[in-house]
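K.L.:
Just add 519 to the spot in the sequence shown (first one is 1) and you have the numbering used here. Glycine included, each C-beta is placed from N, C-alpha and C at the ideal position. None of these values were measured; they are calculated from a predicted model. Here it is, the structure, as structure tokens.
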Amino acid sequence: MTAHEEAGKNPASDKDIELLIATPKGPFDGTFPKTTKVSEVILAVRTKLGLPTDASFELWSGTTRLEPEERTLESFHLPNPAKLTLVATGSGV
520 MTAHEEAGKN
530 PASDKDIELL
540 IATPKGPFDG
550 TFPKTTKVSE
560 VILAVRTKLG
570 LPTDASFELW
580 SGTTRLEPEE
590 RTLESFHLPN
600 PAKLTLVATG
610 SGV
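Below, the structure is given as structure tokens:
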């Protein structure tokens, strides 16, 4: 039996995290490398869903804001998949 078979999962999946994100425009489901910064996730969701560029957004896991936004996803020790919420803030809301 190979190490891959023994683990029972794709080795690449250990490097990725599935994010299920509630947004003002509906749900977003995407898979990102765990080394992705929070700011990069926010940008990807904004781009994909066409969210306003003049609004500020924060990413939350339950009652915890994922900050600073330059931290990587893996630094937050999120479950996989992770259920998050993208919240609009600031004057563009």
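From the DSSP output, read off the bridge partner residues of K602.
P.N.:
Within the sequence shown, the letter at position 83 stands for residue 602. Bridge partners of K602: L539.
K.L.:
So, under 8 Å CB-CB, T535 and P546 are touching, yes? Tell me the CB distance rounded to an integer number of Å.
P.N.:
As a position in the sequence shown, residue 535 is number 16, starting the count at 1. As a position in the sequence shown, residue 546 is number 27, starting the count at 1. Going by the sequence as given, residue 535 is Asp instead of Thr. Rounded, the Cβ-Cβ distance is 19 Å, inconsistent with contact.
K.L.:
Only counting the same chain, and skipping five residues up and downstream in sequence, which positions put a Cβ closer than 6 Å to that of P600?
P.N.:
Numbered from 1 along the sequence shown, position 81 holds the residue referred to as residue 600. E537 and L539, listed in sequence order.
K.L.:
Buried or exposed: T542, going by 16 or more other Cβ atoms within 10 Å of its Cβ?
P.N.:
Along the sequence shown, read from residue 1 onward, the residue named residue 542 stands at position 23. T542 is buried by the Cβ-count criterion.
K.L.:
Tell me the DSSP secondary structure of R565 in three-state form.
P.N.:
Locating residue 565 in the sequence shown gives position 46, counting from the first residue. Correct three-state label for R565: helix.
K.L.:
On the three-state DSSP scale, how would you describe K556?
P.N.:
The sequence position of residue 556 within the sequence shown is 37, counting from 1. Three-state result, K556: strand.
K.L.:
Per the DSSP calculation, S587 is bridged to which residue(s)?
P.N.:
Walking along the sequence shown from the start, residue 587 turns up at place 68. The sequence given here places Pro at residue 587; Ser does not occur at that position. Its beta-bridge partners do not exist; DSSP assigns none.
K.L.:
Output needed for D548: all residues of its chain with C-beta closer than 8 Å, excluding positions within five of it in sequence on either side, in chain order.
P.N.:
Against the sequence shown, residue 548 aligns to sequence position 29. The residues are E537, L538, L539 and I540.
K.L.:
Distance check for F595 and R565, CA to CA, integer angstroms please.
P.N.:
As a working note, residue 565 is residue 46 in the sequence shown. As a working note, residue 595 is residue 76 in the sequence shown. About 21 Å.
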